Every structure is written in C-alpha cells, then in structure tokens.
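> The opening position of the sequence shown corresponds to residue 264 in the working numbering, with each subsequent residue numbered one higher.
C-beta atoms are modelled at their ideal positions from N, C-alpha and C, and glycine is treated no differently.
If you're wondering where the values come from, they're calculated on a predicted model, not measured in any experiment.
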Amino acid sequence: MSAKRRFSFKPFPWGTFVWLTLVWILLWGEFSWGNIAAGILVSAVVTVVFPLPPIDYQGTLRPWNIIKLFARFLFDLTTASIQVAIQAFMFHRTPHGAVVRVKLKSNSDLYLTIVSELSCLVPGSIVIEAHRLTGTLYLHVLDLERYGGIEKVRTDVWDLEARVMRAFASQEELDRAGIPRKRIKAAVSAESPEVTS
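Structure representation (structure tokens):
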C-alpha cells in the first residue's frame, strides 16, 4: 500500500491583493491601464512571494468595548497632543526623557502589536523595542517627571492592554492574563523600576 501525499492549499488573499492594487494606483495618482496592470502585477508578487504569516486569533469581538477603546484612544491622543504642544513652547524647562520597561500581561503577538502601535500613536511616548518572546515593551517617554513617573507609564500601558484585550480577546485569554472582563480599580504592581536615561 503506497502512502498518499497530502497537499494543503491556502486560500488566495483576495482582500490583500485588491487593497495592494488600490494602494499602488493611489500612490501613482493616476487611474490608467498601465497603473492598474502594474498594481496587479506587484500585488500578485507581494502576496505570493512574501505571504504574511497566519495570525492565530481565537478571540471575541466586543463592539461596545471596541468603541470604548477607540474613544479613549482619541481622548489620549488629543490630550497628549496638547501637552506636547505646550511643552514645545516651554523654553525655560528642559524635559528629561527616559526609557521604561513594561512587561505585558498577555503573551499574544497580536495584542503586543496592537498595544505597541496605539502607544506609538500617542505623542510624548514611543515604543523603541518590542520583545516578542518575553512580551516586553520598551517605551521612551519625552518627560518622565511631567508624565507622572515610571509607575504611571506602566499603569497606563497595562490599562491600554486591558482595554485592547477586553475589545478583542476571548474569555480564556482574559483569564490567562488576569484581566477581568469589566474594568475594576486595581492596585499598581510593585514591579521593580528600571529606567535608562
């Protein structure tokens, strides 16, 4: 009896293909047959030769929590933008930045990416390194003293992670990370501070 070979075929990523083609046309700024053909060719090469790794997502989309996540993000974005703009005109004071290490509660690459991207989009802090294996973010904060110190940075990142996970994670993932499904006031972790100036 001969062994049968198994072949597995991945479905073609049509959404990515169409999106890349549209982006190509928009980048060239002209809707012509040549740009459409070039966009199709480039999109085909990118999706076939450089496929994205599959994302292991087994979470639950919670629309109300997604709305709350983005509403809070817009609030943080606006507040931080105003604070950084004011700080830019404070010529008599030099901000003292620092790098703060924050160990996330989840071990998911997806949530690590979302948290780091949302953290980078808020002015005044930027993720300079995301360590995938340990689930650790290293954030540079523009003015640590004005921000409220190391623990305030960590607490804000953990709160952001909790909001992200409440919006997208399954109940099992929330339980593993020790994050309750509904927001409750929690004490700040007593993790030892590590700062690099």
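I'd like to confirm the pairing. Which residues does DSSP put opposite Thr-399 in its beta bridges?
Lys-366 and His-394.
> Tell me the DSSP bridge mates of Val-404?
According to DSSP, which records beta bridges pairwise, Val-404 is partnered with Ala-361 and Ser-388.
> Three-state secondary structure (DSSP) at Ala-300?
Three-state DSSP puts Ala-300 in a helix.
> Would Leu-423 and Val-378 qualify as a contact pair, given that the criterion is a beta-carbon distance under 8 Å?
Yes, they are a contact pair.
> Go ahead and pull the three-state DSSP assignment for Pro-326.
Reduced to three states, the DSSP call for Pro-326 is helix.
> Whose C-beta lies closer than 7 Å to the C-beta of Trp-291 among residues of the same chain, with five residues either side of it excluded?
Result list for Trp-291: Asn-298, in chain order.
> Give the range of the alpha helix (DSSP H) segment to which Asp-419 is assigned.
From DSSP, the alpha helix (DSSP H) with Asp-419 extends over 413-431.
> Determine, using beta carbons only, whether Ser-369 and Glu-436 come nearer to each other than 8 Å.
Yes, the pair counts as a contact, with Cβ atoms nearer than the cut-off.
> Just how far apart, CA to CA, sit Gly-335 and Trp-296?
Looking at the sequence provided, one finds Arg at residue 335 rather than Gly. Between Arg-335 and Trp-296, the C-alpha separation is close to 43 Å.
> Between Ala-450 and Lys-415, what straight-line distance do the alpha-carbon atoms span, to the nearest angstrom?
Only weak support is given to the placement of Ala-450: the predicted model assigns it a pLDDT of 46, under 50, and the value that follows is read from those uncertain coordinates. Each residue's alpha carbon lies about 12 Å from the other.
> Could you tell me the boundaries of the alpha helix (DSSP H) in which Gly-292 lies?
No alpha helix (DSSP H) contains Gly-292, which DSSP labels as neither H nor E.
> In whole angstroms, what separates the C-alpha of Leu-324 from that of Tyr-374?
Going by the C-alpha atoms only, they are around 13 Å apart.
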